[in-house]
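Colleague:
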Amino acid sequence: MGSLTVRNLPEDVKKRLRLRAAANGRSMEEEIRLLLAEGAAEAPVATKTASAAKGEKAPPKAADATQILLIISGGIAAYKSLDLIRRLRERRYAVRVVMTKAAQEFVTPMAVGALSGEPPFTDLFDQREFDVGHIRLARDNDLIVVAPATADLMAKMANGHADDLATAALLATNSRILLAPAMNPAMWANKATQRNLKTLLADGVVTVGPNRGEMAESGEAGTGRMAEPLEIVAAVEKLLCATTGGKPLAGRHIVITAGPTHEPIDPVRYIANRSSGKQGYAIARAAAELGASVTLVSGPVTLGDVPGVKMVRVESARDMLKAVEGALPADVGIFAAAVADWRTANEGEQKLKKDGSGQPPALALVENPDILATVSKLKWKRPTLVVGFAAETEKVIEHAKAKLKRKGCDWIVANDVSAEGGAMGGDDNAVHLISASGTQAKVESWPTQTKDGVARQLVARIATELNGNAK
Ligand code: CTP
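So this is what it looks like as structure tokens:
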């Protein structure tokens, strides 16, 4: 039976099996038997062949399984990815695999499929429904692991390329990304790779390794060896907070405000500000990814609904307050909206007309309710943790500390919204987390990162706080 299978395999697969068997000091049949035995013992019955994966959308993941998308790029360390799949599956993670073209030169889709329990995905354009296929691959997971991550893949990621399935999925994802770099020491030390690494870290990507030691190429040693599979598993578990099944905010309700408010002057005009809502939406997404049940109360923005999040769309500050009160009780309130401080005292029922005198109408303003301060001061329905934002153009920390005290919240995320800071409407944010600590305030300054990065760091910090492991 074994020889029959080997005879029917394509020549290139046979050749790679031969090499693999030789490298492991086994006969080809022993090698195949081992691969099949491992696959059969651990994998649910695979109903499709590797080539059948082409033209298929990602199958939906089991409701309770933590889904990992493993991207294997083309390096000699790819052989260790087989063991990585095995180790992850031992721990009951569902593993779906994308292989780059170069990866298939080092390990076969058949071996990968046997171990992961489903055929790997290999080609962007062979997917009949690739328009949704790679997006679903990118979204339908709890974590993306790239192992090995070659210098080339890191360069593509750092520059936002999307010319194959792996890079398209990496660009389209909202999931956390763990990279296990593996390359020749000179390539790792090269300024270009280090520059790309810096960019990726600033984007919120996490790395494990590379380690120092002997390289697969004879006579080469230095930093560049891929981290061992068990080290990668440990990094995965850390990222997923494995003790809580990867969902450390499961069972928690988080209410978030986002975007600007529009305060009507008359039926066609309003007072507004430049908030895009991006930061609040990113927080809602990140909180939902960690298992929280999220209510997002959003002012008028151009962003679409966040999947899996209860959306409440409002216009004015008063509507926003009403919606927040209606969404309580909650474990956490995060107030990222740029609420208009004032509204007109008398909203015109009809459009205001020029009266011909050349004098503009006098707009009398009254102060809006302060949603953050109102919720912070609630007696019964106050969330356990109330987090405000402080948009400042100068003396950022000093003003934010004063705001923390004045509003009565627990944390303030302070950001510089001066034109130079670029936070307003932009994609990046440099923030300081200020927390009330007795009579003092504690300040943590986070590195400049994307709004997604800030969101993920914030919700991870909230999870730690709520689960009682605060450092
Ligand atoms: N906030 C609120 N309701 C308001 C005004 C602000 O909930 N009417 C919240 C914001 O969502 C943010 C925090 O209060 O979490 C601080 O907002 P910011 O605009 O920085 O401060 P202001 O209170 O408006 O103070 P100032 O304009 O004087 O800086």
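For this note's numbering, count along the sequence shown from 1 and bump the result up by 34.
By construction, the Cβ of each residue, glycine as well, lies at the ideal position given by its N, Cα and C atoms.
Here the structure is a predicted model, which means the values were calculated and not measured.
Hey, would you say ALA206 sits closer than 7 Å to ILE169, going by beta carbons?
Modeller: Taking the sequence shown and counting its residues from 1, one reaches residue 206 at position 172. Taking the sequence shown and counting its residues from 1, one reaches residue 169 at position 135. Result yes, Cβ atoms of ALA206 and ILE169 sit closer than 7 Å.
Colleague: First and last residue of the alpha helix (DSSP H) that includes TRP222?
Modeller: Counted from its first residue, the sequence shown places residue 222 at position 188. Its alpha helix (DSSP H) spans residues 219–223.
Colleague: Can you list the beta strand (DSSP E) stretches of 3 or more residues lying completely in the region 184–208, in chain order?
Modeller: Listed in chain order, nothing qualifies, since the region 184–208 has no complete beta strand (DSSP E) run of 3 or more residues.
Colleague: Verify whether the separation of the beta carbon atoms of MET217 and THR184 is less than 7 Å.
Modeller: Along the sequence shown, read from residue 1 onward, the residue named residue 217 stands at position 183. Along the sequence shown, read from residue 1 onward, the residue named residue 184 stands at position 150. Contact flag set, yes.
Colleague: By how many angstroms is the C-alpha of ARG123 removed from the C-alpha of ILE106?
Modeller: By one-based count along the sequence shown, residue 106 stands at place 72. By one-based count along the sequence shown, residue 123 stands at place 89. About 16 Å.
Colleague: Opposite ARG13 in the DSSP bridges: which residues?
Modeller: Residue 13 is absent from the model: the chain starts at 35 and stops at 505.
Colleague: CA-CA distance, GLU432 and LYS439?
Modeller: Taking the sequence shown and counting its residues from 1, one reaches residue 432 at position 398. Taking the sequence shown and counting its residues from 1, one reaches residue 439 at position 405. Taking the straight line joining both Cα atoms gives about 11 Å.
Colleague: Alpha carbon to alpha carbon, how far is ASP197 from ASP450? Give it in angstroms, no decimals.
Modeller: Numbered from 1 along the sequence shown, position 416 holds the residue referred to as residue 450. Numbered from 1 along the sequence shown, position 163 holds the residue referred to as residue 197. Answer to the nearest angstrom: the Cα atoms are 36 Å apart.
Colleague: Do ALA292 and TYR315 have their beta-carbon atoms positioned less than 7 Å apart in this structure?
Modeller: As a position in the sequence shown, residue 315 is number 281, starting the count at 1. As a position in the sequence shown, residue 292 is number 258, starting the count at 1. The answer is yes: Cβ separation under 7 Å.
Colleague: Would you tell me roughly how many angstroms separate the C-alpha atoms of LEU212 and LYS387, rounded to the nearest one?
Modeller: On the sequence shown, residue 212 is found 178 positions in, with the first residue counted as 1. On the sequence shown, residue 387 is found 353 positions in, with the first residue counted as 1. Roughly 59 Å between the two C-alpha positions.
Colleague: How big is the Cα-Cα spacing for GLY481 and GLY390?
Modeller: Locating residue 481 in the sequence shown gives position 447, where the first residue counts as 1. Locating residue 390 in the sequence shown gives position 356, where the first residue counts as 1. The sequence shown places Pro at residue 481, rather than the Gly named in the question. Cα to Cα, the separation comes out at about 54 Å.
Colleague: With three or more beta-carbon pairs closer than 8 Å as the criterion, would you say the region 310–327 touches the region 487–498?
Modeller: They touch, by the three-pair rule.
Colleague: Buried or exposed: which applies to ALA269, given that a residue is buried once 16 or more other Cβ atoms fall within 10 Å of its Cβ?
Modeller: Sequence index remark: in the sequence shown, residue 269 carries index 235 (1-based). It counts as buried.
Colleague: State buried or exposed for ALA92, treating a residue as buried only when at least 16 other CB atoms are found within 10 Å of its CB.
Modeller: The residue labelled residue 92 in the question sits at position 58 within the sequence shown. Here the model assigns ALA92 a pLDDT of 41, short of 50, so the residue's position is not dependable, and the following value carries that caveat. Its Cβ being crowded by 16 or more others within 10 Å, ALA92 is buried.
Colleague: Rounded to the nearest angstrom, what separates ARG319 and ALA464 at their Cα positions?
Modeller: Locating residue 319 in the sequence shown gives position 285, counting from the first residue. Locating residue 464 in the sequence shown gives position 430, counting from the first residue. Rounded to whole angstroms, ARG319 to ALA464 spans 19 Å at the Cα level.
Colleague: Contact check, SER150 vs ARG130 under 8 Å by CB: the rounded distance?
Modeller: The sequence position of residue 150 within the sequence shown is 116, counting from 1. The sequence position of residue 130 within the sequence shown is 96, counting from 1. About 7 Å separates the two Cβ atoms, so the contact holds.
Colleague: Would a C-beta distance cut-off of 7 Å place ILE405 and ALA434 closer than the cut-off?
Modeller: As a working mapping, residue 405 is identified with position 371 in the sequence shown. As a working mapping, residue 434 is identified with position 400 in the sequence shown. For ILE405 and ALA434, no; Cβs fall outside 7 Å.
Colleague: Please classify GLY367: does DSSP put it in a helix, a strand, or coil?
Modeller: For this step, residue 367 is matched to residue 333 along the sequence shown. Reduced to three states, the DSSP call for GLY367 is strand.
Colleague: Nearest to PRO395 by CA position, among ASP300, PRO294, ARG246, GLY325, is which residue?
Modeller: As a first step, residue 395 must be located in the sequence shown, where it is residue number 361. It is ASP300 whose Cα lies nearest to the Cα of PRO395.
Colleague: Nearest CA to the CA of SER309: which residue from GLY333, GLY325, ALA321?
Modeller: Mapped onto the sequence shown, residue 309 falls at position 275. Minimum Cα distance to SER309 is reached at GLY333.
Colleague: With a CB to CB cut of under 8 Å and the five nearest residues on each side skipped, what residues in its chain are close to ALA203?
Modeller: For the purposes of this step, residue 203 is taken as residue 169 along the sequence shown, with counting starting at 1. Answer for ALA203: LEU103, ILE105, VAL132, HIS168, LEU171, ALA172, ILE178, listed in chain order.
Colleague: Helix, strand or coil for ASN307? Go by DSSP, reduced to three states.
Modeller: Indexing the sequence shown from 1 puts residue 307 at position 273. In this structure, ASN307 counts as coil in the three-state DSSP scheme.
Colleague: Straight-line CA distance for VAL328 to ALA137?
Modeller: The sequence position of residue 328 within the sequence shown is 294, counting from 1. The sequence position of residue 137 within the sequence shown is 103, counting from 1. Taking the straight line joining both Cα atoms gives about 39 Å.
Colleague: Where does LYS114 fall in DSSP's three states?
Modeller: Your numbering for residue 114 matches position 80 in the sequence shown. Three-state DSSP puts LYS114 in a helix.
Colleague: Helix, strand or coil: how does DSSP classify ARG319 here?
Modeller: Within the sequence shown, numbered from 1, the residue matching residue 319 stands at position 285. DSSP places ARG319 in helix when its eight states are reduced to three.
Colleague: Using 10 angstroms around the beta-carbon of LYS413, count the other beta-carbons present and answer buried if the total reaches 16, otherwise exposed.
Modeller: Against the sequence shown, residue 413 aligns to sequence position 379. It is exposed - the Cβ of LYS413 has fewer than 16 other Cβ atoms within 10 Å.
Colleague: With C-beta atoms as the reference, is ALA200 less than 7 Å away from LEU118?
Modeller: Your numbering for residue 200 matches position 166 in the sequence shown. Your numbering for residue 118 matches position 84 in the sequence shown. No. Outside cutoff.
Colleague: Which partner residues of ARG130 appear in the DSSP bridge assignment?
Modeller: The count along the sequence shown starts at 1 and reaches residue 130 at position 96. Answer is LEU103, bridged to ARG130.
Colleague: With DSSP collapsed to three states, give me the class of MET144.
Modeller: Locating residue 144 in the sequence shown gives position 110, where the first residue counts as 1. Reduced to three states, the DSSP call for MET144 is helix.
Colleague: Applying the 10 Å Cβ sphere with the 16-neighbour rule, what's the burial state of ARG495?
Modeller: Position 461 of the sequence shown, counted from the first residue, corresponds to residue 495. When all chains shown are included, ARG495 counts as buried.
Colleague: Exposed or buried, what is THR100 when buried is set at 16 or more other beta-carbons lying within 10 Å of its beta-carbon?
Modeller: Along the sequence shown, read from residue 1 onward, the residue named residue 100 stands at position 66. Per the 10 Å Cβ criterion, buried.
Colleague: Which same chain residues end up closer than 6 Å to HIS195 when comparing Cβ atoms and leaving out the 5 residues on each side of it in sequence?
Modeller: By one-based count along the sequence shown, residue 195 stands at place 161. Counting only Cβ-Cβ distances below 6 Å, and skipping sequence neighbours, we find THR201.
Colleague: Quick one: what does DSSP say ALA489 is sitting in, helix, strand or coil?
Modeller: Residue numbering aside, residue 489 sits at position 455 when the sequence shown is read from its first letter. Of the three classes helix, strand and coil, the one that applies to ALA489 here is helix, per DSSP.
Colleague: With distances taken between CB atoms, is the gap from GLY422 to PHE369 smaller than 7 Å?
Modeller: Locating residue 422 in the sequence shown gives position 388, counting from the first residue. Locating residue 369 in the sequence shown gives position 335, counting from the first residue. Yes, they are a contact pair.
Colleague: Considering only heavy atoms of the ligand CTP, does any lie closer than 6 Å to the CB of GLY422?
Modeller: For the purposes of this step, residue 422 is identified with residue 388 of the sequence shown, where counting begins at 1. Yes - the ligand CTP has a heavy atom lying nearer than 6 Å to the Cβ of GLY422.
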